[in-house]
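Those protein sequence lines, which keep their order, are chains A and B.
Numbering of the first sequence is given in full-length UniProt numbering, commencing with residue 1 and proceeding in unit increments.
Numbering of the second sequence is given in full-length UniProt numbering, commencing with residue 1 and proceeding in unit increments.
Here a beta-carbon is modelled for each residue, glycine too, at the ideal position from N, C-alpha and C.
Bear in mind the structure is a predicted one, so any value in this text is a computation, not a measurement.
Read the structure below first, then the notes.
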Amino acid sequence: MGKKRKHAEASEAPKEEVAQERPKRTLLGWKDGVPEKQNSSPVFRNREKVLVTCSRRITYRYRHLMLNVVSLLPHCKKDSKVESKESKGATLNELIELRNCSSCLFFECRKQKDLYLWMVKCPSGPSVKFLVNAVHTMEELKLTGNHLKGSRPLLTFTSNFDKEPRWKLIKEMIVQIFGTPKDQRKVKPFHDHVFVFSIVDGHIWFRNYQISVPHNETDKVDRGGLDKLTLVEVGPRFCLNPIKIFGSSFGGPTFYENPFYISPNQIRALEKKKKAGKYSKKVKAKKRRKMHELSNPLEPDEFADLWKD
Amino acid sequence: MVALRGKELQVNEEELEDSNVGDVDDEEFESESESEPEEVAVSEPAKNAVYNKEALLEKLDDIAWPQNVEWIHKLTVDHAVDQEVDVNDDLARELAFYTQALDGTRQAFEKLQSMGIPFLRPPDYYAEMVKSDAHMLKVKGKLLVEKKKIEEAEERKKAREAKKLAKEVQAQKTKERAKRKKEDIESVKRWRKQRQQSGFARGKDEELDLSPDEEKSFEKSKKRRTGVAPGDRSGGFRRKGGNEKGRKQREFREAKFGHGGRKGMKKQNTAESTNDFKGFNKDKFSASKRQKK
C-alpha cells in the first residue's frame, strides 16, 4: 500500500490540475471500487505558487506596488531583482523551475518610467504582457481600509470577460494567480476582502476592497445585515493594458496583439515631434506669406510720395 | 464631386509647396497626419494584428482547472455590466467598481452562508493585518484633521451669522434704551407741567401721579449687590472671610481700594488712613536716629 501511494503521488503531482487523466495506474487495476471512485471525484488540490520578481532600476512607486502584491498573495514567493535583458526569457524560466513555482508575476520597469507586468504560467503556459497605468499603492492615506494578511479574497469579474477568447484566457490566469489556494499554509480562515477586475475601454482595472458587515456570529450574517454591507478601499489600484499574449512562457508564438496599443515611447516621441515642428512651421508660414505677397502685388499707394523730398 | 476635386487639387498644391521648402516640412506633414487622431493611424496596424482565437482557446483548455472544481476553490463571482462606463469620468467609474464589488460580495456571502462555512471575522480574532498599526494611526490622524477642518469652517460660518444677529439685537437694544430714557424725561417734564398748570396747589400728601413706566424706573437697578450698603465705600469686600496672612493682606487692599467695585476710588483720605502709620518708617522716629540729625 505504501509503495502504491508513493507512485500515486509522483504521478499525481505534475497533473494536479488535469485530474481526469489516470492512464498508468495498473497496480490498482484489480481493485475495482477504488479506481472508479478516484476517477470520478478526485481530490482537487490547488498547489499554485507564484513567483514575484522585478527587474533592476525599478522606481520606488513600482517597487511598493510589487511589495503590496506580495502581501496580498500568501501563496507567492518573492525573489531578488533580475538583470540581463537579452536572455531574460531563459533565465526567468529557470528561476521559476528552481523555486518550484507554477506561475510568475514579473514587474519590468523600463527607462524608470514605464512598468510592464508579465503574467506567466510556468511549464508551458501562455504568458501575457501588460502595460501598467494609474498606480496607487496601499500606502496612500486616502485608502483607509485594512484586512487580514493572507485571507482568501473573493474575486469579481465583469461579464465581458466571457465574451472573447482572449479575455477568457486572461480571466483564467487571473483566477489561478490571484486566487489564493484553500489549503495553503499561510492562509487565514475568513473572507474579508474582495478583488474587482473589470474591463473598461479595453483595459483591466483592479481594485481591492475591505468588507465590513455588522455581524455577531462567524457563519451567519445578521438579518438585514447584507443591506448594511459597506466596502472600504484598501488598495493597491492599477490598470492593465494588454499588449500581447504569447504561447509559451516569456516568448513563443504570438497569439494575440492589441491593435490599439501604442508604446509609451511612441507617445513621447510623437509629442516631441509636435513641439519640434514649431520653428519650421513659423519659417514655412513666413515663406508662404512672401510668396503670397509676390503673387499678389499691392496697388501703388497714392500717398507714398507725399512726404518724400 | 467637383468640390472634392477642388480640395484634392489644393492639397496637391500644398504638397508641392512643401516639397519646395525642404525635408523638415515633409516629416512634419507626416507627423501632423499621424498625430491628428491617433486611432486613425493605428487602425492600419489593426488589420495586421494577430488574433489567433483557436490557439487561445486551446491554451485555455490546457491550463484550465477541471470543470467540476467546487466553487470554494475559485471564489469567483460574475457581474453583469449594465452600460458602458466612461473611462474619464472618475466618479462614475469608481462607482461602477464599487457596485460590482458590492453585488459580488452579496452573492458570495449568500453562497457561503448556505454552505455553512465560517466566513466572518469574530471581534476577538487578532492577527497580522496587511497594513501595520502605525500606518493605520497615520490614516486615523489624517481623517481627524480633515474632520476638524470641516468643523472649524462650519463654526466660523456660524460665528459670522451669530455676529450679524448679535449686532442687530444690540442695535435694537440701544434703540430701546434711548427710547425709554426719552420717555422718562418726557414723563418728568409732563408732571412738572401739570404741577405748573395746576398752580402748585397740591400738597405733599398728594401722591405723585406716576405712570407705570416711572414706577419701574424706581425699582432697584439690575446690578444687584446684596449685602452691600449703598454707602459702602469698600466695595462690599470687607465682610469676606479668609485666615491666611497673605490673604489678609490681599483682603485689606481690596477692601481699601475696592475690587472693581465702586469707580474712581483709588485712594481716599479716610479716618482710618490718617491714623495708619504703616507706610512710615519706624526707625526714622526713633530717638537715636533723631539725635543724629
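Pairing A/W205 with A/L240 gives a Cβ-Cβ distance under 9 Å. Going by beta carbons, A/T137 and A/P74 fall outside the 9 Å limit. Look at A/S295: its C-beta is not under 9 Å from any C-beta on chain B. The alpha-carbon of A/V50 is positioned some 21 Å away from that of A/W167.
Taking C-beta atoms as the reference points, A/I245 and A/K121 fail to come closer than 9 Å.
In this structure, DSSP gives A/N208 an extended state, which the three-state scheme calls strand. For A/T144, the chain B residues whose Cβ falls inside 9 Å of its Cβ are M136, V139, K140, K142 and L143, in order along the chain. For A/H136, the enclosing beta strand (DSSP E) starts and ends at S127 to H136. A/L294 counts as exposed, since fewer than 16 other beta carbons sit within 10 angstroms of its beta carbon. Per DSSP, reduced to three states, the secondary structure at A/G252 is strand.
Runs of the beta strand (DSSP E) lying entirely within the segment 128 to 164 of chain B, each at least 3 residues long, are absent.
A straight line joining the alpha-carbon of B/N52 with that of A/Q210 spans about 38 Å. Closer than 9 Å to the CB of B/G246 there is not a single CB belonging to chain A.
Note that the segment 193 to 204 of chain A touches the segment 96 to 113 of chain B; at least 3 beta-carbon pairs, one per stretch, sit closer than 8 Å. B/R247: member of the alpha helix (DSSP H) spanning K245 to F257, first to last residue. In the DSSP annotation of this structure, A/L143 is not part of any alpha helix (DSSP H), being labelled neither H nor E. For A/V175, the chain B residues whose Cβ falls inside 7 Å of its Cβ are K74 and T76, in order along the chain. As computed with DSSP, A/L231 is found in a beta bridge with A/I211. Below 8 Å, too few C-beta pairs join the segment 105 to 120 of chain A and the segment 142 to 149 of chain A to call them touching: fewer than three. Between A/T218 and B/P122, the alpha-carbon positions lie close to 6 Å from each other. Per the Cβ contact rule, the segment 94 to 107 of chain A is not in contact with the segment 259 to 276 of chain A (fewer than 3 Cβ pairs under 8 Å).
Counting along the chain, B/F109 sits inside the alpha helix (DSSP H) bounded by residues D90 to M115. Taking a C-beta distance under 9 Å as the contact criterion, A/T254 and B/V139 do not qualify as a contact pair. For A/S55 against A/K81, the beta-carbon gap comes to about 7 Å, under 8 Å, which counts as contact.
DSSP, reduced to helix, strand and coil, places A/R268 within a helical segment of the structure shown. CA-CA distance, B/F109 to B/L91, rounds to 27 Å. C-alpha of A/N100 to C-alpha of B/V85: approximately 41 Å in a straight line. In this structure the segment 68 to 81 of chain B lies against the segment 158 to 165 of chain A, because at least three pairs of beta carbons, one per stretch, are closer than 8 Å. Residue contact check for B/T105 against chain A: a CB pair falls below 9 Å. A/T180 sits in coil when the DSSP states are folded into three classes, being neither helix nor strand. For A/V196, the enclosing beta strand (DSSP E) has its first and last residue at H193 to V200. Taking a C-beta distance under 9 Å as the contact criterion, B/L60 and A/E172 qualify as a contact pair.
The residue among A/N133, A/T91, A/E48 and A/A304 with its C-alpha nearest the C-alpha of A/P242 is A/N133.
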